[in-house]
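Number of protein chains: 2
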Amino acid sequence: MKTYCSGVCFLISITINMLFSIHVYVGGGYRSSLTWSLKAAEEAEAVAAISCSGHGRAFLDGPVSDDGQPVCECYGCYTGNDCSHLSKGCAADADSGDPIYLEPFWMQNAADTTVVISGWHRMSYDYADHNMMSIELENFIRKLHSIAGNAITKGRYMVFGVGSSQLLNAAVYALSSTPSKVLASTPFYPVYKDQTMFFNSESFQFEGDTNSWKSNNSTNNMDVIEFVTSPNNPDGELRQSILKGKTIYDHAYFWPQFTPIPGPSDQDLMLFSLSKLTGHAGTRFGWAIIKDRDVYEKVLKYIYLADMGISKDTQLRVLKILKVAIKQDTKLFFDFAYDKMRDRWDRLTSIFSKSTRFSIQKRHPLHCNFFHQTRLPSPAYAWVKCEREEDDDCASLLKSERILGQSGSIFGAKDRYTRLSLIKSQDDFELLLQRLSELVSREYDSIKTI
Amino acid sequence: MKTYCSGVCFLISITINMLFSIHVYVGGGYRSSLTWSLKAAEEAEAVAAISCSGHGRAFLDGPVSDDGQPVCECYGCYTGNDCSHLSKGCAADADSGDPIYLEPFWMQNAADTTVVISGWHRMSYDYADHNMMSIELENFIRKLHSIAGNAITKGRYMVFGVGSSQLLNAAVYALSSTPSKVLASTPFYPVYKDQTMFFNSESFQFEGDTNSWKSNNSTNNMDVIEFVTSPNNPDGELRQSILKGKTIYDHAYFWPQFTPIPGPSDQDLMLFSLSKLTGHAGTRFGWAIIKDRDVYEKVLKYIYLADMGISKDTQLRVLKILKVAIKQDTKLFFDFAYDKMRDRWDRLTSIFSKSTRFSIQKRHPLHCNFFHQTRLPSPAYAWVKCEREEDDDCASLLKSERILGQSGSIFGAKDRYTRLSLIKSQDDFELLLQRLSELVSREYDSIKTI
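So the sequences go chain by chain: X and V. Residue numbering for the first sequence follows full-length UniProt numbering, starting at 1 and increasing by one per position. Residue numbering for the second sequence follows full-length UniProt numbering, starting at 1 and increasing by one per position.
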């Protein structure tokens, strides 16, 4: 018996050894490879695993409970520990341009878009080439434009900014003589005016609407700087310069998810923003593409003097995100983003088509060189007009119906117009559609009662 | 024999099983817990494991070899695939304020300072409280100041900036009436002048040295904004306002590693920078501590209009870094940083003490409330004076000796002075000492030859 056991037991235990050995070998790759990054990775996955019912998120740098554990931050109209409770009568918020509509894509591509930053990552002011900007990132951005087909970058200079916000003003400084008049065509993005007036430079001053200025002034354009937003915020129109002088092309929305791409833009000074491309508004990053060397050097000097460039950790994260956005040229990202916007426009137009009281901007089909098809634009915002004579404050009217938008006057237009954001979270969009449906359906009730 | 083996072998194999079981159990937790963050963590550790001989680093966003693998970026005078080759006759670079001297601390504390950022981390422009700034981070900064004992934060407002660089100009805008005169006492940090002149606002203009201005003007201070840098860059002096009017206290260097902390600063507007506190210059982050609500709101508006705030990923990383800097109040970080600076000053002064041709700034002992001792300052820069009549361009003289510093005139002082940076990497510092020793030792050779 003893002998029997000795043989069998030995065989069994050797077999178990072998099994364990294989198991350890297979799993060992992970275990042996991670040391200093493991704790942070586990923390990040633990906080991401906290359930907020899909109506909120918990973050590493968010509020914590009494016992120090991260808690849910609920979106929009949701409350409760796990964001499961929808507040009755909560207003549909279509006010801000927060591009949360792309969050699901980044969650689906978690493994490829996570970035791990060591405590000693790039402590220097500069990269090894004594440059504030990552050459690797610059190369990826050039590749991105050639894939999207929306801008010529060959032989052009590039400057990174803290969002394109910072580059708007940097561009005005770079182009201004003393003093230059700054113009934009209504309806226009209000930051052009707010920045130019706030920084109150002797080199420039804001003069308002381009068309009005042109009708009252000789078109000696040498001392004029024109902002051209294409596609335009708020109405999504593809625009061209009116004065053909010094021009800043704000192309924040010139991406296939928002507009057909008829061809690459080849302007002297073009601005782009990560926020409206990938939805990472919280990661303040934008870039300028510039033809003229002198203008490039002035923009670069502005960025250097303003804050010595963009955080190296931000540049690393942007690099990782863009690598996925253009992964193997599969266009997976742009397909996802365009499908989302097109679906939202399809549902939105079907509501407004039933209304005589409210209208939205006309959309004109164009050939898109990116998707190789003729298609309608799918702008980030609906530019809503209240058609009835008495409804001359459209935003207030909608607010009384618990729909929050931005008044036309914010964009230099009439308050008969309102901007509604279509790029927020799915929760926000669904609530917006629900409120709009109720509002439009009541037009028929009133007709019936006549 | 068989029986003997059976017993022994069984015992051995069971023991092996137990060892493996424990091993697998211990390791299993890691393996099972990580999913989407694993790939990025492995990439980060792989690139960090690339050997650059301690004279360089490989980074995730750095240059890559032909086969796509990251390669070493060599520091200063080192070259070669693994940065092991020291270039003969390479100049000792003591020019920039790159605070690489703290890199070893962050490598030693890798596990606690690594940050893992998911692809969907904080995509919104704002935190959940509709604020551009992380409240968690703000709370940690207040805690940091109470531990360092260098600033009163209770009842004060705080604004984050893209480095303190951005806050310098934001503060000038917030304090300026139309027009304000901006002053700083020579020798001063040149960015005060460069920014104020570049932004060329109707609201302010740079007027140069405070003392000269005071001697030629009535001290009606209402339209004057005074920069007070304490400790001062370049000379490390603790300074007070001269005009007692509107003042911006630049406290970038007011930390225990650079100066005794006599007590907490309680000025109306104080600026601090991550760069000079933890050495993360590449992570553009600074903060303002402000008494007056109106001034606070103007600084906040500047940051919002300039670029809509600081990247959320940057704020997350800063939070992680500061948590370690004040970990359990153990002062480990400040001990490390001060020991490093004190050691560098001890070695530097022993060289200059042998010289009659070159002198450095006098340092005055003060009681430090942080280290509970009377001690000498250990400034970030040596402010070198060439004593000989004929040596009226000290930087050029040192450059001819292959020592790179910044000329006195850059700081509004005489070129008889030069600033040498003492906060760069150990390699840079060792080479600087070597060159200085050779230079000073030659004074004796010349005496012997007389």
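Backbone N, C-alpha and C define an ideal beta-carbon position, used for all residues, glycine too.
I want to verify the contact list: residues of chain V whose CB lies under 9 Å from the CB of histidine 85 (chain X), in sequence order.
Those within 9 Å of histidine 85 (chain X) in chain V number zero; the least Cβ separation is about 16 Å.
Taking three-plus beta-carbon pairs below 8 Å as touching, is the segment 71-79 of chain V in contact with the segment 140-153 of chain V?
no
7 Å is my cut-off, CB to CB: does arginine 122 (chain X) come that close to chain V?
yes
Would arginine 416 (chain V) pass as a contact of glycine 282 (chain X) if the rule is Cβ separation under 7 Å?
no
Do you know whose CA, among V:Thr330, V:Asp391 and V:His367, lies nearest threonine 356 (chain V)'s CA?
V:Asp391
Within the chosen definition, does the segment 284-303 of chain X reach the segment 149-159 of chain X through at least 3 CB pairs nearer than 8 Å?
yes
Whole angstroms are fine: how far does the CA of asparagine 232 (chain V) sit from the CA of phenylalanine 429 (chain X)?
54 Å
Report buried or exposed for threonine 178 (chain X), applying the criterion of at least 16 other Cβ atoms within 10 angstroms of its Cβ.
exposed
Classify cysteine 90 (chain X) as buried or exposed, calling it buried when 16 or more other Cβ atoms lie within 10 Å of its own Cβ.
exposed
Out of X:Thr374, X:Asn369, X:Phe370 and X:Lys354, which has the shortest C-alpha to C-alpha gap to arginine 363 (chain X)?
X:Thr374
Apart from the five residues on each side of it in sequence, which residues of its chain come closer than 6 Å, Cβ to Cβ, to tyrosine 173 (chain V)?
Tyr302
Our contact map puts tryptophan 36 (chain X) next to alanine 46 (chain V) with C-beta atoms below 8 Å; I'd like the distance itself, whole angstroms only.
The pair is not a contact, with the Cβ atoms about 12 Å apart (cut-off 8 Å).
What are the residues of the segment 363-387 of chain X that lie near chain V, defined by any Cβ-Cβ distance shorter than 7 Å?
none
According to DSSP, simplified to helix, strand and coil, what is serine 241 (chain X)?
coil
For lysine 312 (chain X), which residues in chain V fall below 7 Å Cβ to Cβ?
Gly282 and Thr283
Give the interface partners of glutamine 267 (chain V) over in chain X, defined as CB-CB distance under 7 Å, in chain order.
Going along chain X, no residue has its Cβ under 7 Å from glutamine 267 (chain V), so there is no contact; the nearest lies around 22 Å.
Histidine 145 (chain X) in three-state terms, based on DSSP
helix
Please report the distance separating the alpha-carbon of alanine 325 (chain X) from that of alanine 380 (chain X).
19 Å
Got a sec, what are the start and stop residues for the alpha helix (DSSP H) glycine 163 (chain V) sits in?
163-175
Assign glutamate 207 (chain X) to one of three DSSP states: helix, strand, or coil.
strand
Enumerate in chain order the residues of its own chain whose CB-to-CB distance from proline 377 (chain X) is below 6 Å, with the five nearest sequence positions on each side excluded.
Gly236, Thr259 and Arg363
Closer than 8 Å, Cβ to Cβ, to anything on chain V: give me those residues from the segment 179-201 of chain X, in chain order.
Val191, Asp194, Gln195, Phe198, Phe199, Asn200 and Ser201
Which ranges would you report for the beta strand (DSSP E) in the segment 321-402 of chain X if only whole runs of at least 3 residues count?
366-368, 373-375 and 381-386
Can you pull the chain X neighbours of asparagine 109 (chain V), defined as C-beta to C-beta under 8 Å?
Gly119
I want to know whether the segment 205-219 of chain V touches the segment 205-214 of chain X - three or more CB-CB distances under 8 Å.
no
Of all the alpha helix (DSSP H) runs that stay within the bounds of the segment 103-160 of chain X, which reach a length of 4 or more residues?
103-108, 110-113 and 135-148
Please look up how many angstroms separate the CB atoms of isoleucine 310 (chain V) and arginine 284 (chain X), rounded, as I've assumed it's under 8 Å.
7 Å
Around the Cβ of histidine 367 (chain X), are there at least 16 other Cβ atoms within 10 angstroms (buried) or fewer (exposed)?
exposed
Does the distance from the C-beta atom of isoleucine 225 (chain X) to that of serine 180 (chain X) stay below 7 Å?
yes
Would the segment 421-440 of chain X count as touching the segment 97-104 of chain X if we require 3 or more Cβ pairs under 8 Å?
yes
Quick one: using the 10 Å Cβ neighbour count with 16 as the cut-off for buried, is serine 32 (chain V) buried or exposed?
Note that serine 32 (chain V) scores a pLDDT of 48, beneath 50, so its modelled location is shaky; the value from the coordinates is reported in the next line. So serine 32 (chain V) ends up on the exposed side.
Distance cutoff 7 Å, beta carbons only. Does tryptophan 106 (chain V) sit that close to anything in chain X?
yes
Could you tell me the alpha carbon to alpha carbon distance between alanine 382 (chain V) and lysine 193 (chain V), rounded to whole angstroms?
22 Å
Could you check whether the Cβ of serine 33 (chain V) sits closer than 7 Å to any Cβ belonging to chain X?
yes
Quick check: is the beta carbon of valine 26 (chain X) nearer than 7 Å to any beta carbon in chain V?
Legend: pLDDT at valine 26 (chain X) = 40, less than 50; position of this residue unreliable, value from coordinates given subsequently. Cβ-Cβ to chain V under 7 Å: no for valine 26 (chain X).
Here's a check: name, in chain order, each residue in its chain whose Cβ is nearer than 6 Å to the Cβ of lysine 298 (chain X), leaving out the five neighbours to either side.
Ala174
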